[in-house]
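Notes for the one structure printed next.
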Amino acid sequence: ASYFLIVWDLVSFAQKRGISYSGRGSAAGSLICYLLGITKVDPLAQGLLFERFLNENRKELPDIDVDGDE
Numbered sequence: 007a008s009y010f011l012i013v014w015d016l017v018s019f020a021q022k023r024g025i026s027y028s029g030r031g032s033a034a035g036s037l038i039c040y041l042l043g044i045t046k047v048d049p050l051a052q053g054l055l056f057e058r059f060l061n062e063n064r065k066e067l068p069d070i071d072v073d074g075d076e
């Protein structure tokens with residue numbers, strides 16, 4: 007949960023300052039990322055798979071890719 011909140015804090019910082027950003031990659035399959043505003047695509051509506059973001063066969067922890075203008 008801490009990781010999601012750290013990334014949320016970063017995108018909130020960007021939003022407040024009018025900096026464009028985009029969450030991308032496998033994190034787009036996470037409903038939590040969408041609800042926090044980290045990604046802008048509703049994974050349920052688009053049929054994206056959460057398993058691409060986090061699954062039992064993945065050895066490393068998931069990451070959230072965020073690109074920004076500045």
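Residue numbers (our numbering): 7 to 76.
Even for Gly, the Cβ is constructed at its ideal location relative to N, Cα and C.
Just grab the DSSP bridge partners of residue i for me.
i     : result
Tyr27 : Gly74
With a threshold of 8 angstroms on Cβ separation, who are the neighbours of residue i within its own chain once the five nearest residues in sequence on each side are excluded?
i     : result
Trp14 : Leu42, Gly43, Ile44
From the DSSP output, in three-state form, read off residue i for me.
i     : result
Lys65 : coil
Ile44 : coil
Leu60 : coil
Ala33 : helix
Ala7  : coil
Assuming residue i contacts residue j under a Cβ cut-off of 8 angstroms, what Cβ separation, rounded to an integer in Å, is found between them?
i     : j     : result
Asp71 : Tyr27 : Contact doesn't hold; Cβ gap of about 11 angstroms is too wide.
Can you list, in chain order, the residues of its chain with a C-beta nearer than 7 angstroms to that of residue i? Leave out the 5 residues immediately preceding and following it.
i     : result
Arg30 : Asp71, Asp73
Subject >> Validate contact between the region 57-70 and the region 29-36 using beta carbons, cut 8 angstroms, 3 pairs >> reply: The answer is yes - the region 29-36 touches the region 57-70, with three or more Cβ pairs under 8 angstroms.
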